[in-house]
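Visitor: For the sequence shown, my numbering begins at 1 and goes up steadily by one. Below is a structure I'd like to ask you about.
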Amino acid sequence: MPLEAYPTTSPCVKVCQLDLEDRCYGCGRTRNEVARWSGMTPEERRLVNRRLGFRGHPEHR
Numbered sequence: 001m002p003l004e005a006y007p008t009t010s011p012c013v014k015v016c017q018l019d020l021e022d023r024c025y026g027c028g029r030t031r032n033e034v035a036r037w038s039g040m041t042p043e044e045r046r047l048v049n050r051r052l053g054f055r056g057h058p059e060h061r
């Protein structure tokens, strides 16, 4: 799927807890990605959402 097809909306599902690798159990973003989200460009947000598949952390679903 082309990068432009991914949303720029936050993948947050309000389950904000980090695993041992500093990834959020709810959305799968890293601590750094969560902290930087509001300052990211639309392209950066799409890259994160593409990596996540916009479905959350697969190990914790």
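Where a beta carbon is used, it is the ideal one built from N, C-alpha and C, also for glycine. Predicted model, so just to flag it, every value in this text is computed and none were measured.
Taking its Cβ as the centre, do 16 or more other Cβ atoms sit within 10 Å of Arg31, making it buried, or is it exposed?
Guide: As a working note, residue 31 is residue 31 in the sequence shown. Exposed, because fewer than 16 other Cβ atoms sit within 10 Å of the Cβ of Arg31.
Visitor: Among Ser10, Leu3 and Ala5, which one has its Cα closest to the Cα of Arg29?
Guide: Residue numbering aside, residue 29 sits at position 29 when the sequence shown is read from its first letter. Nearest C-alpha to Arg29: Ser10.
Visitor: Following the continuous alpha helix (DSSP H) through Val15, name the residue where it begins and the one where it ends.
Guide: Stepping through the sequence shown from its first residue, residue 15 is reached at position 15. Unbroken run through Val15: none, as it is neither H nor E.
Visitor: Under the DSSP definition of a beta bridge, which residues are partnered with Thr30?
Guide: As a working mapping, residue 30 is identified with position 30 in the sequence shown. Its beta-bridge partners are Arg23.
Visitor: What's the gap between the Cα of Arg79 and the Cα of Gln17?
Guide: Beyond the ends of the chain as shown, which are 1 and 61, falls residue 79; an answer cannot be given.
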